[in-house]
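Working notes, beginning with the structure itself.
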Amino acid sequence: MRILGVDYGDKKIGLAFGDSVAHVAVPLDVVPNLGAETLQVFAKKVSAEDIDLIVVGVPLSTGAHHSSVQLEKTRAFIQALQGAVAVPVVEEDESYTSAESIRLQREEGAQAYEDALSAMLIVQAYLEHL
4 MRILGVDYGD
14 KKIGLAFGDS
24 VAHVAVPLDV
34 VPNLGAETLQ
44 VFAKKVSAED
54 IDLIVVGVPL
64 STGAHHSSVQ
74 LEKTRAFIQA
84 LQGAVAVPVV
94 EEDESYTSAE
104 SIRLQREEGA
114 QAYEDALSAM
124 LIVQAYLEHL
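Each residue of the sequence shown is one higher than the one before, starting from 4 at the first, in our numbering.
The structure is reproduced here in structure tokens:
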């Protein structure tokens, strides 16, 4: 199964690719959040890349970095995304992915953008449940 991982943000959205057979996830890109226009980008990407599933990170643990407001915004995005694509869209807890992506950049020398690394971690967490 080909998976598109999403780290949703108000201004930008991190993307990653995952493969359930190989059990691997890699960071892809960061795209600007342009509202409805961004949904069209996702629909095209799903079709062009033969994506079978989209996994969106949701901030289930609220705290200093996440709030219930962000959770509501992310779930509204998920609902809009479900209407724009023809594949299932599922949630995965994104708690601590930002901190871990920063660590990967600092300690491991990861060259990808923080948001794309967060999306990769979201996909990896999803793959662990399979």
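Built from N, CA and C at the ideal position, the CB exists for glycine as well.
When the beta-carbon positions are compared, V93 and Y116 stay at least 9 Å from each other.
Every unbroken stretch of the beta strand (DSSP E) spanning 3 or more residues and falling wholly within the stretch 27 to 100 is given here in chain order: 27 to 35, 56 to 61, 92 to 96. Of the residues assessed, L37 falls on the exposed side of the cut-off, its CB having fewer than 16 other CB atoms within 10 angstroms.
Here S121 is buried. Its C-beta has 16 or more other C-beta atoms within 10 Å.
When only Cα atoms are considered, E97 and P62 end up about 5 Å apart.
Using a Cβ distance threshold of 9 Å, V9 and G17 count as a contacting pair.
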